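Protein chains in written order, with the numbering used here: chain F, 1 to 306; chain A, 307 to 1097.
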């Protein structure tokens, strides 16, 4: 049974206390909250006037305008709503990688802590948050809830999650999209390994369903600089049959070039679909990267981090 | 391909190091559970072959470096293009093509083809399918441009002095050593007597060698042909340079080359097995003159004489010539102790091929080691053999006191009568006026009743013989003990009168300590023939009896012993410092010796007259009595006239072990030898006696002792080999032997001209080192380049 402190560090949380996870686009919600609702309601903040059409409630008529212009206008207000956020956690085999410089913490562990942190922040700002874990298929779905105690359920699920299976983001996304009925924020925490085209198609599918998609791409530093020197057998974490014994020093340059190309294509694809891509390396405290990103996002800048 | 340092070529085994590291790395890989396989897989797929090729190239370079370095250090010498091309150049070319193959994708096909062509050609050539056109073609390294490892075998036997041959040889050696190229090394082997190089190892100090060789004298005994070639081949075998030459400078006399075929055949085999065969040149410096007379031998009538005793010196002379040059007056002189003035002179006439004798009588006036030299006063082709010396020990007279314990008026019935005759044979003869000669020993007889302590203490005698003395008075014993302790010799002869108890208790007491072994009881019988015994005929180590090792001097075991005192050897502690000189066949001691103070006591188990044995009537009696007496007087010496090259030996008292003696050789140089303890005496030995002549050994406490090293008489035979004979002798040694006759032309210029036409293998270490350095750079560069692989 996972404990809360395994995933939520008070220090990290205190660093993130001043941040809010805001959807950049309009999302649907039940209760009033931090987020704009697509439903124009009648509350505090004025939005616009529009002409009365038969069927409108008479009580929304702006009588002052009528007095000045002798026309019927309806006064509309912004309605704030709560955010439904789904955290999609990749628990595929490749996430089990433990680098040489990360003190024995796998990418999944890092990702889980990030998920827990994000969930906690969501719940704190009265948004609903849900958790989906997947590898080749969707494994567990925890529907979004807004109760503060929901963090307990999330952490329990995170605790149960073990890495395994092959990543197939495209099919998983296609499977997930119909399940998330209401528009909301989709936070994908994954290394996004796999066929780039199918991944991009899956992401486009989310975008098509009007979800606001945010990707935290988790990298191990080893994967970025390929520091191996002596003869090494690379055993694939996702497919036990794939083993390659090579002298890595000969392959390093080629690998790095391949990596660069992959990242460029992925970044471009995300741009095209207006998806925020936040790369994170497991040797950096996630709180730092997260707070930096959230600050940027709040300022509304193109928060596409490198 | 050959190597100057073959052992270092084994360093090529270091090729295993990169191989092992490579295999080790492959087998000891790290396992990484890798996530981003989709990024890595495509890279591996695309680059697998290229990476394998690169690894192969790096491995080949790393293997090539130690191999080439080992060949470089082993100083490879290429005598033949073929193997060098197939085994080194072509594989390196193939490697270069392989590198280009990996680096320049556009030229892949061309480089691949070239690489395979190189390898195929090398393989085919190595198996002998092609390439025979140049396989035997030698790489010529111009002879005069390369340093050499040269050995001059210099005949310094004294026959070289004939017709100035040795001067020609010396001039050649000096000039040759001067002309040697920088980096050369040379040695000069003196062939005379036993082959000995001037420096143990070839030296690059050819100038010093030249100076040293200039100081040589042709004074050695006949040449040691096989030994010299052996030394020469060994010196060139270890040579530092690829150019190797052996030059024999000799007068090629027939007597030197007789019966050498078998040893030459052995040498030929060795030469053929040499990887870098030395070029052999014979330089003939002999003259044509044959007229020579020599002193063949010199014999003295005794090896030791007393002062004033007459000794006969007989010299044998020979005329080796063919012309009647020396008929008529050929003066022959006798010199004593190398004095300038001859002591005697005579004239002989020698016909060609004839042998003559001269006889000089001489009386030495001074005691000590002396030499007698006979010289022929004539100029001939070879002067060195016109003199010959012999060493002789001139002794002071030895006083011997014979104490007769059983005197008799009757002739030969007294106890000491036989002994007196044996010790002073000439004196007895003089009574009869038959021979004019003096005895070395002066023996006087005294009856036991007349003996006084004063007689014993009298300084005239150095040996006292107690013959069958029953006992002595206390003052006599005291005088006797002090006589022995001060260096006198005591000979105890037992007999029927002897009081055994008194001997054991008084003479053998701790105070006097004059009895080597206690008397036990009487053995044998005067009546029963069955219990007779003899002295065991064995090899006698003891100097007093070593004379009998030569049976011509008499045989101790001839005589029968009828009765004797058994000597008690059971007391091991007392027996410790006693030496048994000889034993009887039944195992009882016959002669026992004990050192007491500075003196020696010898005990004889039987009587010294004819009562108990028939020794006195055997031929061995006289030498036995003389030897024991002279030994007791400390006068026994090892031979001092020896062939050149033999070891001179001098005995010293045991306690003088460690003393240093100086030896002066005939050429004036001095050596120091140390006496070492051997058995019951100290021995000084000197073996550097290759030069015939007189050697003087001197030291503290001993006078000058003269040894003579005798030259072989064969050196006097000047008959030389013809050119054809020399060439056929050379052919027995090696297939190609060059011959230069120094009597016709200047030997040095002739040799240089000859040498200019020779070719030797070329040393390749510079090129190999260059290749190693290039490969090291290449390895570093390629390692960096191969890091950047196409994605």
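The beta carbon of each residue, even a glycine, is placed where N, CA and C say it ideally should be.
Bear in mind the structure is a predicted one, so any value in this text is a computation, not a measurement.
| Query | Result |
| --- | --- |
| C-alpha distance - residue 967 of chain A paired with residue 1012 of chain A, whole-angstrom precision | 13 Å |
| Short CB-CB distance (under 8 Å) between residue 326 of chain A and chain B | Chain labels in this structure do not include chain B; the protein chains are F and A. |
| Min CB distance residue 1084 of chain A to chain F below 8 Å | no |
| Buried or exposed (CB count within 10 angstroms, at least 16 for buried), residue 54 of chain F | exposed |
| Segment limits, beta strand (DSSP E) that includes residue 704 of chain A | 704-710 |
| Classification of residue 675 of chain A by the beta-carbon crowding that lies within 10 angstroms, buried from 16 upward | buried |
| Whole-Å CB distance - residue 1099 of chain A paired with residue 584 of chain A, under 8 Å assumed | The shown model of chain A, from 307 to 1097, leaves out residue 1099 of chain A, and the question about it has no answer. |
| Extent of the continuous alpha helix (DSSP H) run through residue 562 of chain A | 560-563 |
| Residue 995 of chain A classed as buried or exposed, judged by whether at least 16 other C-beta atoms fall within 10 angstroms | buried |
| is_contact[residue 223 of chain F, chain A] using C-beta, thresh 8 Å | yes |
| Chain F within 8 Å of residue 343 of chain A, Cβ atoms only | yes |
| Residue 847 of chain A versus A:663, A:354 and A:987, residue with shortest Cα-Cα distance | A:987 |
| DSSP three-state assignment for residue 243 of chain F, whether helix, strand or coil | strand |
| N- and C-terminal bounds of the alpha helix (DSSP H) containing residue 430 of chain A | 414-432 |
| Cβ neighbours of residue 519 of chain A in the same chain (closer than 8 Å, five flanking residues each side left out) | 458, 460, 476, 479, 480, 483, 494 and 504 |
| 8 Å Cβ cutoff met for residue 115 of chain F and residue 89 of chain F | yes |
| Limits of the unbroken beta strand (DSSP E) element including residue 617 of chain A | 616-625 |
| Closer than 8 Å to chain A by CB, residue 251 of chain F | yes |
| Meets three-Cβ-pair contact criterion under 8 Å: the segment 405-417 of chain A and the segment 370-381 of chain A | no |
| Classification of residue 997 of chain A by the beta-carbon crowding that lies within 10 angstroms, buried from 16 upward | buried |
| Cβ of residue 306 of chain A within 8 Å of any chain F Cβ | With chain A represented from 307 up to 1097, any question about residue 306 of chain A goes unanswered, as that position is not in the structure. |
| Buried or exposed (CB count within 10 angstroms, at least 16 for buried), residue 867 of chain A | buried |
| Beta bridge counterpart(s) of residue 280 of chain F as assigned by DSSP | F:218 |
| Under 7 Å by beta carbon: chain F residues contacting residue 332 of chain A | 231 |
| Inter-residue spacing [alpha-carbon to alpha-carbon] between residue 707 of chain A and residue 527 of chain A | 47 Å |
| Assigned secondary structure, residue 870 of chain A (DSSP; H/G/I helix, E/B strand, else coil) | strand |
| Residue ranges of each alpha helix (DSSP H) within the segment 897-968 of chain A, 4 or longer | 927-938 |
| Within 8 Å, strictly: CB atoms of residue 637 of chain A and residue 705 of chain A | no |
| Segment limits, alpha helix (DSSP H) that includes residue 192 of chain F | Counting along the chain, residue 192 of chain F falls outside any alpha helix (DSSP H), and DSSP gives it neither H nor E. |
| Straight-line gap, residue 543 of chain A to residue 489 of chain A (C-alpha atoms, nearest Å) | 17 Å |
| For residue 613 of chain A, the three-state DSSP class (helix, strand or coil) | coil |
| Option nearest residue 948 of chain A by Cα separation, candidates A:919, A:694 and A:895 | A:694 |
| Chain-order list of residues whose beta-carbon lies under 6 Å from that of residue 891 of chain A (same chain, five-residue window excluded) | 839, 840 and 842 |
| CB contact below 8 Å: residue 355 of chain A versus chain F | no |
| Any 3 or more C-beta pairs closer than 8 Å across the segment 564-582 of chain A and the segment 1024-1044 of chain A | yes |
| The segment 104-123 of chain F / the segment 146-166 of chain F touching (three or more Cβ pairs under 8 Å) | yes |
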